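Read top to bottom, the protein sequences are chains A and B.
Per the numbering used here, numbering of the first sequence is gapless, rising by one per residue and ending at 381.
Per the numbering used here, numbering of the second sequence is gapless, rising by one per residue and ending at 279.
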Amino acid sequence: MPVTRPVDLPVRWDLSVQPDGTGKLVFTGELDTESTPVAWTNLESELAGIKVARLEIDVRQLVCDSAGLALLYYLSVGGMTPGANVDLTGLSPDLQHLLRSFSTEDFEALQEHEPACSPFVEDVGVATWSWLCDLRQQVEFIGEVTLGVMKGLLRPRSMRWKEVLRVFEVAGVNALPIVSLLTFLVGMVIAFESAQPLAQLGAQVFVANLLGLVMSRELGPVMAAIMLAGRSGSAFAAELGTMKVNEELNALQTLGLSPVQFLVVQRVLAGILLTPVLTVFAMYAGLLGGIPVLLGLGFPLRMVLHQIQSGLHFGDLAEGLSKSIVFGAIVASVSCLRGLQTGEGPRAVGESTTRSVVSSILLIILADAIIASLTYTLRK
Amino acid sequence: MNGTAKTMIEVRDLTIGYGDRLVLEGINFQVRRGEVFAILGASGSGKSTLLKHLIGLYQPMQGDVLISGASLVRAEGDDRLRILRKFGVLYQGGALFGSLTAVENVRLPLDEFTDLSEVAKDLIALSKLRLVGLESAATKLPADLSGGMQKRAGIARAIVMDPCVLFLDEPSAGLDPITSAGLDALIRELARGLGITFVMVTHELASIYAVADRVIMLDPKIRGIAAEGAPSWLRDNASQPWVRQFLNREVA
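Now the structure itself:
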């Protein structure tokens with residue numbers, strides 16, 4: 002029964018099947034990337050309903066590319082006529098050469114291949130071991146950086162002060178506008194959000210006291226440190242990670258220079274010095290953000306300033322600034338460590354950058370909680 | 028200079044550079060269908076820059092690049108995509124995507140640009156890997172492949188859409204002599220077996236003598252082509268002494 006299909010494809014085929022189960026498939030035209038998907042689907046459905054014991058495929062009038070060859074190969078290995086003997090005739094020598102590169106064994110091996118999947122217990126073990134190794138590396142790194150900073154301070158001529166100043170400018174001075182803007186807005190939000198509940202208690206004037214305390218003790222240092230982690234810590238990790246990928250760190254080591262002494266100490270020192278400066282700006286910007294809200298609520302400026310002044314003590318500022326020094330050291334050192342831990346390949350730098358920001362923020366909050374509990378205990 | 032039916036690539040009066048700095052000025056050459064064509068020159072002579080213009084990554088200051096008679100410089104949208112589909116590119120490091128296995132890398136253009144079935148795409152990708160001798164490394168990630176294997180996988184990906192032209196940027200760079208010779212043999216096989224036109228930028232003289240039908244030598248002093256011809260002919264007969272020295276690997 003001959004089957005014809007007047008389709009608007011560049012390829013045509015005529016399939017005829019004799020009663021004894023012998024089929025003949027004649028292709029004409031062009032079997033390319035565009036026409037093969039349609040031809041493949043149609044042929045598969047046509048051949049699915051027919052019992053063929055022997056199939057002869059004639060491609061003398063056919064031009065084809067790799068996609069067409071894939072279809073011919075699939076037909077020739079009985080992919081659409083299981084159990085049938087298939088003969089392919091009329092293929093040019095060039096295409097025969099290409100057809101030989103198709104292999105059922107390769108295809109079956111690919112289908113059988115499953116990505117390695119380790120058991121859950123093994124995964125937990127590996128993750129724990131990796132966490133312990135990371136912890137050990139962090140402790141070692143802290144020791145190395147502390148020694149490097151001490152060495153640099155005791156022998157100032159050995160320190161690359163130009164690099165310290167450059168980092169101070171890039172990570173500190175250039176970050177002032179964004180840190181100030183953010184904390185200004187945060188101050189404004191805190192004033193708005195606290196004004197209503199305190200008004201219910203008739204204590205709206207204490208919004209100024211609240212703002213002063215929150216910005217100096219908590220949000221000033223935390224916001225400055227988080228901005229430092231996101232803006233500059235990630236840059237430290239990416240910079241050192243790229244240097245590692247480009248083998249610049251190997252070059253330093255073979256020159257007899259320690260990457261920690263040459264690259265990390267400057268960044269950590271700059272981080273320790275610049276975070277208190279950023280924090281002071283953050284504190285003032287936060288207060289400045291709250292003042293317009295309080296003026297809008299009808300309090301005179303003199304009263305607002307008096308409330309802030311009376312609510313704040315030197316200890317609050319000292320607590321905020323001490324936190325900022327700790328946060329600066331954490332952000333700079335953790336970011337540098339993640340940069341130095343960069344693996345190989347193009348994704349490694351991105352992974353280090355992400356890890357640096359996540360670790361920094363996590364450790365900032367952890368350190369903040371520890372300091373807050375300590376100061377609470379000391380104040381009692 | 029008019030292109031003929033046998034011309035695959037025609038570079039017309041091409042001037043290229045960065046900002047105000049001219050690298051090459053008003054160069055003309057043709058690459059014939061099916062030949063292996065090499066671009067040679069000292070470091071800084073503009074070989075890689077020229078290659079990036081030939082594959083349409085950069086826009087020239089002046090002139091045109093015709094692929095099979097169609098202007099790559101002026102083409103836009105679907106027309107440009109149609110021209111880009113005519114060629115494949117092998118970058119220096121192979122430029123395989125690190126998160127994909129070798130077979131997934133090779134399959135990627137088929138996934139993106141065709142409606143073929145999964146079976147067809149796997150069969151084609153595996154056949155290309157077999158052509159470059161990497162059938163046993165199909166499921167390996169690029170990080171697990173050697174430099175030579177990565178380049179072979181890069182070639183497999185570049186030829187998966189049956190391009191007419193394959194551009195190679197320093198194909199032998201960083202490879203040991205045996206792997207490099209293997210790659211040369213593969214280039215010869217693909218050029219003769221599949222009729223692919225090759226345009227390669229390379230410093231490797233051994234590779235040039237082994238595979239190149241014709242070369243052009245770029246000269247940074249004249250910001251143009253100093254010599255053009257078969258490599259062994261230029262080595263013995265080039266009118267410029269420095270070209271002969273370069274091709275004989277002699278110290279000037």
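Glycine included, every Cβ here is placed at the ideal spot set by N, Cα and C.
Model, not experiment: these values are computed from the prediction.
Cβ shell of B:G73 (< 6 Å), same chain only, five flanking positions each side left out: Answer for B:G73: V50, L51 and L245, listed in chain order.
Span separating the alpha-carbon of B:G251 from that of B:L67: Between the alpha carbons of B:G251 and B:L67 lies a gap of roughly 12 Å.
Below-8 Å beta-carbon distance, B:T224 vs any chain D residue: The structure shown contains no chain D; its protein chains are A and B.
Run of the beta strand (DSSP E) containing B:E216, from where it starts to where it stops: Counting along the chain, B:E216 falls outside any beta strand (DSSP E), though it belongs to the alpha helix (DSSP H) covering P204 to L221.
Integer Cβ distance of A:G291 from A:I191, believed to fall under 8 Å: 6 Å
Cut-off 7 Å between Cβ atoms - residues of its own chain near B:G61, not counting five sequence neighbours on either side: A218, G222 and T224
C-beta contact flag for B:R179 and B:V192 at 8 Å: No; because the gap between Cβ atoms is not below 8 Å, this pair is not in contact.
Beta-carbon spacing of B:I36, B:V238 below 8 Å: no
Coarse secondary structure for A:N86, derived from DSSP in three states: strand
Rounded distance between the beta-carbons of A:A283 and A:V180, thought under 8 Å: 5 Å
Helix, strand or coil at B:A200 according to DSSP, with G and I counted as helix: coil
Where the alpha helix (DSSP H) containing A:I331 begins and where it ends: F315 to L341
Residue of A:S119, A:G213, A:D135 and A:S217 minimising C-alpha distance to A:P277: A:S217
Where the alpha helix (DSSP H) through B:L135 begins and ends: A129 to F140
A:M151, buried or exposed, once every other Cβ within 10 Å from all chains shown has been counted against 16: exposed
Listed by chain order, chain B residues near A:F103 by CB distance under 7 Å: Neighbours of A:F103 on chain B, chain order: L150 and S154.
Enclosing alpha helix (DSSP H) for A:G221 [first to last residue]: G221 to L229
Chain A contact for B:G201 (CB, 8 Å cutoff): no
Pairwise C-alpha distance: B:G121 and B:D171: 13 Å
Cβ-Cβ distance between A:R289 and A:F185 below 8 Å: According to the sequence as given, residue 289 of chain A is Leu; it is not Arg. Closer than 8 Å, so yes.
Range of the contiguous beta strand (DSSP E) that encloses A:S17: V12 to V18 is the span of the beta strand (DSSP E), which, as asked, contains A:S17.
DSSP three-state assignment for B:K155, whether helix, strand or coil: Helix, per DSSP.
Contact between the region 237-255 of chain A and the region 342-349 of chain A (3+ Cβ pairs under 8 Å): yes
Extent of the continuous alpha helix (DSSP H) run through B:A165: Element bounds for B:A165: n/a, residue is neither H nor E.
Secondary structure of B:M176, DSSP reduced to three states: helix
Sequence-distant residues of the same chain with beta carbon closer than 7 Å to B:M176, five excluded per side: The beta carbon of B:M176 sits closer than 7 Å to those of L161 and A164, all from its chain and outside the five residues before and after it, given in chain order.
With 16 other Cβ atoms within 10 Å as the buried cut-off, status of A:F121: exposed
Exposure label - A:D9; buried when at least 16 CB within 10 Å: exposed
Distance between beta carbons of A:G153 and A:V246, contact taken as under 8 Å: That pair is no contact at about 27 Å.
The region 63-83 of chain A / the region 26-37 of chain A touching (three or more Cβ pairs under 8 Å): Two segments are said to touch when three or more pairs of C-beta atoms, one from each, lie closer than 8 Å; by this definition the region 63-83 of chain A touches the region 26-37 of chain A.
Reference A:I58; option with closest CA among A:Q112, A:T82 and A:G316: Ranking A:Q112, A:T82 and A:G316 by Cα distance to A:I58 puts A:T82 first.
Contacting residues, own chain, Cβ-Cβ under 6 Å from B:I82 (five flanking each side not counted): V116 and F194
CB of A:S357 within 8 Å of CB of A:S374, strictly: In this structure, A:S374 does not lie closer than 8 Å to A:S357 by Cβ.
Own chain residues within Cβ distance below 6 Å of B:S234, not counting five before or after: Here the set comprises S199 and D211.
Contact set between B:V130 and chain A, taken where Cβ atoms lie within less than 8 Å: L111
Contacts that B:L143 makes with chain A (C-beta to C-beta distance below 8 Å): T34, T37, P38, W41, A68 and A71
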